[in-house]
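As C-alpha cells, then:
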C-alpha cells in the first residue's frame, strides 16, 4: 500500500488522502463524497496492486446510492418536436 | 445386444456367420453422420418511416451458439469462438496512441482534452440527436445523462466526441442519416465510471441437486451530453414561455441524405 499511495496522491491532487492505523479492526478504505455519502471497502488480505483498484474505483464514482437503474437515459426534456399521440399527423 | 449373441453363437458354429454380422454396424454409422445443421437466418428490421435504412443489421452470433450446444456432433465451432474471445481479452497494452484511436473508433468516440474550467454546461436547446455507442443507440438532447458500457481510454472529466450520429432533429428540421451523418458530432463529458447494482444470477435444476449462485456487477460509464452540432438551431429569445414554443409540431421534415 505504501508503494502505491504516493503515486495515487500525485495523480489526484484534488483529493485529501489520510492514513490512520486502526488496531483491532480490518483494514478498510473509506470514501467521503460531496453529497455526504460514505463508502467503505474492506481491504483485508489484499495485495497493494489489488488495493489500488479500489481507491481508483471510489474516485471514479459519484456518491450516489447503488441502486438498479430504471433507465439508461436520464433526461429532463424528453420531447423536442412534440410527444407523439394518435392525433399527430405528419 | 443382438450382435453379441450372434457373434457368440458364430464362434461356436463357424466363421462364415461373423462376416455376415459386420454389415449392419456400418449402415448405422452412415445414418448418424448426415445430421442436419441448424439454419441461421438474419432478419432485417426496417420500421416504416425509416425507409432510407437500406443496410442490413447483423445480429450477434450468441443465438446460434445456444442452438449448436445442443447438437453433439458440432464441438469444434464452440472451441474456435471461445479462443477468439480469449485472444481479444488478453491484448490490453495499447501503448501507441494509434491503437487507442482504433479502439475508440469501434465505440464511436474520440477523446478530447480534459476539461479545465470550460463553460461546457449550456442551457437546454431544443435539439435532439440519435447517437450510437457500441451497440446501443440513444435519443439524446442537451443536458441528458446516458449510462453506457464501460468506455476504455477515458478518465473521469474527459471530453468525448461521439461521431456516429444517425439522426438530428429540431422543432423545424429533421436530418436523417444513411446510416450516419458525416458532419454531425455530439459532445459529451464523462461524469463517472461506476459499477451497477449487484445482480444475483441463480441457477437451479429441481430434483437434480444443482444450485448455483453468482453475483455480477456491470461496469458502466455515465456521460453527460453537452453540445450537439450539425443542425441549425432555432434562436429562441428568453421570453416568458420559450419551452412551449419549442414543443410545436414540425412544419417540415426535410430528408437530407
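Chains as they are written, first to last, in full-length UniProt numbering: chain A, 1 to 90; chain B, 1 to 257.
Just so it is clear, CB atoms sit at the ideal spot from N, CA and C, and this is done for glycine as well.
Could you tell me the alpha carbon to alpha carbon distance between residue 62 of chain A and residue 87 of chain A, rounded to whole angstroms?
Taking the straight line joining both Cα atoms gives about 42 angstroms.
What is the DSSP secondary structure of residue 72 of chain A, counted as helix, strand or coil?
Correct three-state label for residue 72 of chain A: coil.
Per DSSP, residue 229 of chain B forms a beta bridge with which residues?
According to DSSP, residue 229 of chain B bridges with B:185.
From the beta carbon of residue 129 of chain B, is the nearest beta carbon of chain A less than 7 angstroms away?
No - not a single Cβ of chain A is within 7 angstroms of the one on residue 129 of chain B.
Return the Cβ separation of residue 217 of chain B and residue 198 of chain B in integer angstroms, given the expectation that the two are a contact with Cβ distance under 8 angstroms.
Their Cβ separation, rounded to whole angstroms, is 5 angstroms, which keeps residue 217 of chain B and residue 198 of chain B in contact under 8 angstroms.
Since residue 124 of chain B meets chain A, which of its residues come closer than 9 angstroms, beta carbon to beta carbon?
76, 77, listed in chain order.
Can you tell me whether residue 234 of chain B is helix, strand or coil according to DSSP?
Residue state, collapsed to three classes: coil.
Using the Cα positions of residue 246 of chain B and residue 224 of chain B, report the straight-line distance between them to the nearest angstrom.
Low confidence applies to residue 246 of chain B: its pLDDT is 38, below 50, so where it sits in the model is not reliable, and the reading given next is rough at best. Computed Cα separation, rounded: 22 angstroms.
Tell me whether the beta-carbon of residue 185 of chain B lies closer than 7 angstroms to the beta-carbon of residue 146 of chain B.
Contact: no.
Measure the beta-carbon distance from residue 157 of chain B to residue 120 of chain B and round it to whole angstroms, keeping in mind my assumption that it falls under 8 angstroms.
In fact, because the Cβ distance is near 10 angstroms, the residues do not count as touching under 8 angstroms.
Can you give, in chain order, each stretch of the beta strand (DSSP E) that sits fully within the stretch 133-192 of chain B and has at least 3 residues?
Runs of the beta strand (DSSP E) inside the stretch 133-192 of chain B: 136-141, 145-149, 158-162, 165-169, 174-176.
Can you look up residue 7 of chain A in the DSSP assignment and give me helix, strand or coil?
Helix at residue 7 of chain A.
May I ask which residues mark the beginning and end of the alpha helix (DSSP H) holding residue 48 of chain A?
That run of the alpha helix (DSSP H) goes 48-60.
Got a sec: which bits of the stretch 130-162 of chain B sit with their beta carbon under 9 angstroms from any beta carbon on chain A, in order along the chain?
Those residues of the stretch 130-162 of chain B that come within reach of chain A (Cβ to Cβ, closer than 9 angstroms) are 136, 138, 139, 140, 141, 142, 143, 144, 145, 146, 147, 148, 155, 156.
Kindly say whether residue 60 of chain A, judged by its beta-carbon, lies nearer than 7 angstroms to any beta-carbon of chain B.
With 7 angstroms as the cut-off, residue 60 of chain A counts as an interface residue toward chain B.
Name the residues in the stretch 162-194 of chain B whose C-beta lies less than 8 angstroms from a C-beta of chain A; which are they?
Answer set for the stretch 162-194 of chain B: 169, 170, 171, 174, 191, 192, 193, 194.
Secondary structure at residue 99 of chain B, three-state DSSP: helix, strand or coil?
Helix, per DSSP.
Whole angstroms are fine: how far does the CA of residue 231 of chain B sit from the CA of residue 176 of chain B?
So the alpha carbons of these two residues sit roughly 11 angstroms apart.
What in chain B is Cβ-close to residue 73 of chain A, meaning under 9 angstroms?
Result: 138, 139, 140, 144, 145, 146, 147.
What's the call for residue 133 of chain B, buried or exposed, on a 16-neighbour Cβ count within 10 Å?
The residue in question, residue 133 of chain B, is buried, as its Cβ has 16 or more Cβ neighbours within 10 Å.
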